[in-house]
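Enquirer: The structure's right below; bear with me while I get my questions together.
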Amino acid sequence: MDIAEPSTTTRKSLPLSSRDLRDLTALRRSPAHRAVLADLAGTPVSEASSEAAVLHAVWEAGLQAVRERVEDAGYAELAAERDTATLKAVARRRRPTWADEP
């Protein structure tokens, strides 16, 4: 969250399947899962964390993954544009094949 934004809390409804609930339980109970989630989300997650806190950490981790993918796609697009511009510049400097014809 940006520091300039006012801090407001809105609670949203999130339908969870039985598998989602099992995954949520694993995230809360497994030290390995908690450690990885905390690392990905950049926020501490403990066994005492509420379901809402764990879900928020999952949200943050997912959002970070989306941001990274968007950034990667942007860099790939910039690289492709640069490669195209470089190829055009090289072609403009290249001596025409017919230049040495008698």
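Take the sequence shown: its letters are residues 1 to 102, numbered as in the numbering used here.
Every residue, glycine too, gets a C-beta built ideally from N, C-alpha and C.
In chain order, what residues of the same chain lie with their CB nearer than 7 angstroms to the CB of aspartate 83, ignoring the 5 residues before and after it?
Expert: Cβ within range, chain order: n/a, list empty.
Enquirer: Which runs of the alpha helix (DSSP H), 4 residues or longer, sit entirely within the segment 27-70?
Expert: You should have 31-41.
Enquirer: Measure the alpha-carbon distance for valine 36 versus serine 13 and round it to whole angstroms.
Expert: C-alpha separation (whole angstroms): 25 angstroms.
Enquirer: Tell me the rounded alpha-carbon separation between leucine 87 and arginine 69.
Expert: Cα to Cα, leucine 87 sits roughly 27 angstroms from arginine 69.
Enquirer: Does the segment 12-27 come close enough to the segment 49-69 that 3 or more CB-CB pairs lie under 8 angstroms?
Expert: Yes, the segment 49-69 is in contact with the segment 12-27.
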